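Asks:
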Amino acid sequence: MLMTVPLPSFYQPFQPTLTSQGQSHFGIDVQLLKPNESLEGVVYAFVQVKVDQPTVYPIVPDGTNILFFSKCRESFGGTQAKILEVPLATPKGEYFGIWFYPGAIRHVFNVDLAEAKGCIHDLDYLQSPKSPELRFVHERIYEQDSFQGRALLCEHLLTSLLSKNSHFSKFVAYLSHALNLINRAEGTLSVDALAAQVGCSARHLNRVFQLHIGASVKTFSQTIRMNCFLKRRSQRSEGVVLPALHHGIDLGFFDQSHLIKSFKKYGVHSLSPTASDFMSGFYNAK
């Protein structure tokens, strides 16, 4: 029996790389495919990325997790606090991903997200004797000729794993309610206010977030707040240039120095020149 999922489908994580400008800048072609109803609220989307030349694929923090697959490798991305720059090194390469909602990957794998945060692991990190479905999964994915075929294969695999797992059940009510409140408030609720609305202590709520998301309540809320800010900046009207504070003042960014301090956390200046040039347009306090 499947439990209530953590986050309903109205949560829309924003990734600058997936915009038309981002795809053009990095020379990538990205397709997204929504899962079937049995995975609604667990998987945000299946992703396919095609490249002609080697390039990079920057991923901004958004509280989600992803499984990456290429023809020669499979990886799991823990919750990131800084921009993650994924190299796509194969000319004419084709890459596949399973993009999970925040807190949802523990519906499928019994893994402590606190131990995985900020890291990229081989898929062995998620495997257990109870998950033989993962063996040679990247070979099976690339035996399928179409994106739709690959997504369908993964839907069957994930549905099988979901039916076996109930280890998260005692936490899911707290987590579900808290994630919804954070999303609706765009990350602006204090930890104490959130805990009071959820009906548990701030300490207990932090333990649940560390285990299921790989971040404290405060860090996750700040991630959602910044993601909302980036989405707003991307929606500016053509020919209209507004100061950054216009998009962020009601999110709690009260002055330019506050924005600059927040931006530094995301490591824009440590990216490759190609990625930094593009991302600086979003992470810019002016």
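So for the sequence shown, the UniProt record's numbering puts the first residue at 1; every next one is plus one.
Glycine included, each C-beta is placed from N, C-alpha and C at the ideal position.
Quick caveat: nothing in here was measured; it's all calculated off a predicted structure.
In three-state DSSP terms, what is T219?
Replies: Three-state result, T219: helix.
Asks: Could you name each continuous beta strand (DSSP E) segment of 3 residues or more that falls completely within the segment 185 to 236, going from the start of the chain to the end?
Replies: Entirely contained in the segment 185 to 236, not one beta strand (DSSP E) run reaches 3 residues.
Asks: Using 8 angstroms as the cut-off, can you tell me whether the segment 81 to 91 makes contact with the segment 41 to 48, which would need three or more C-beta pairs spanning the two stretches below that distance?
Replies: Not touching, per the Cβ criterion.
Asks: May I have the straight-line CA-CA distance separating G281 from F26, to the nearest angstrom?
Replies: Looking at the two C-alpha atoms, the distance is approximately 14 angstroms.
Asks: What is the DSSP secondary structure of A81, counted as helix, strand or coil?
Replies: Of the three classes helix, strand and coil, the one that applies to A81 here is coil, per DSSP.
Asks: Once the 5 residues before and after K92 are set aside, which same chain residues still bring their CB inside 7 angstroms of it?
Replies: Same-chain partners within the cutoff: D52.
Asks: List the residues that DSSP assigns as beta-bridge partners of T274.
Replies: Beta-bridge pairing links T274 to no other residue.
Asks: Pick helix, strand or coil for Q48, following the three-state DSSP scheme.
Replies: Reduced to three states, the DSSP call for Q48 is strand.
Asks: Under 7 angstroms Cβ to Cβ from Y283, same chain only, skipping five residues before and after it: list those, please.
Replies: Closer than 7 angstroms at the Cβ level, and outside the excluded window around Y283, lie F263, Y266, V268.
Asks: Between the Cα of K34 and the Cα atoms of W99, I224, F69, T223, which residue gives the shortest distance?
Replies: The option with the nearest alpha carbon to K34 is W99.
Asks: Can you tell me whether DSSP reads E40 as helix, strand or coil?
Replies: Residue state, collapsed to three classes: coil.
Asks: Residues in its own chain within less than 8 angstroms of I141 by CB, not counting five upstream and five downstream?
Replies: F69, F96, R150, L153, C154.
Asks: Using only the alpha-carbon positions, how far apart do residue 292 and L181 sit?
Replies: A question about residue 292 goes unanswered here, because the residues of the chain that appear run from 1 up to 286.
Asks: Between K82 and the rest of its own chain, which residues show a CB-CB distance below 6 angstroms, the 5 nearest in sequence each way excluded?
Replies: Once the five neighbours on either side are set aside, the close Cβ partners of K82 are Y266, G267.
Asks: Once you ignore the five residues that flank V137 on each side, which residues in its own chain have a CB closer than 6 angstroms to its CB?
Replies: Once the five neighbours on either side are set aside, V137 has no close Cβ partner at all.
Asks: Reducing DSSP to helix, strand and coil, say where N65 ends up.
Replies: N65: strand per DSSP, three-state reduction.
Asks: Do you know offhand how far C200's Cα is from R233's?
Replies: Cα to Cα, the separation comes out at about 35 angstroms.
Asks: Using CA atoms only, rank isn't needed, just tell me which of D277, A285, T274, F229 is closest to H258.
Replies: Residue A285 is the option with its Cα nearest to H258.
Asks: So which of R225, L67, R73 has the shortest CA-CA distance to E139?
Replies: It is R73.
Asks: Return the chain-ordered list of same chain residues with a C-beta closer than 6 angstroms to the C-beta of G252, the five sequence neighbours on each side being excluded.
Replies: Contacts found: T188.
Asks: Evaluate Q210 with the Cβ neighbour count: other Cβ atoms within 10 Å of its Cβ, from every protein chain shown; 16 or more gives buried, anything less gives exposed.
Replies: The residue is buried, with at least 16 neighbouring Cβ atoms inside 10 Å.
Asks: Look at the alpha carbon of F254 and the alpha carbon of I105, and state the distance between them as a whole number of angstroms.
Replies: F254 and I105: Cα-Cα distance of roughly 35 angstroms.
Asks: Cα-Cα, which of R207, I66, D277 is closest to Y174?
Replies: For Y174, the nearest C-alpha among the options comes from R207.
Asks: Ignore the nearest five residues each way along the sequence and tell me which others in R225's own chain have a CB closer than 8 angstroms to its CB.
Replies: Counting only Cβ-Cβ distances below 8 angstroms, and skipping sequence neighbours, we find E186, G187, T188, L251, G252.
Asks: Per DSSP, what kind of secondary structure is Q53 in: helix, strand or coil?
Replies: In this structure, Q53 counts as coil in the three-state DSSP scheme.
Asks: Please report the Cβ distance between V198 and A178, rounded to the nearest whole angstrom; I am assuming they are in contact, meaning their Cβ atoms lie under 8 angstroms.
Replies: With 8 angstroms as the limit, V198 and A178 qualify as a contact, their Cβ atoms being about 5 angstroms apart.
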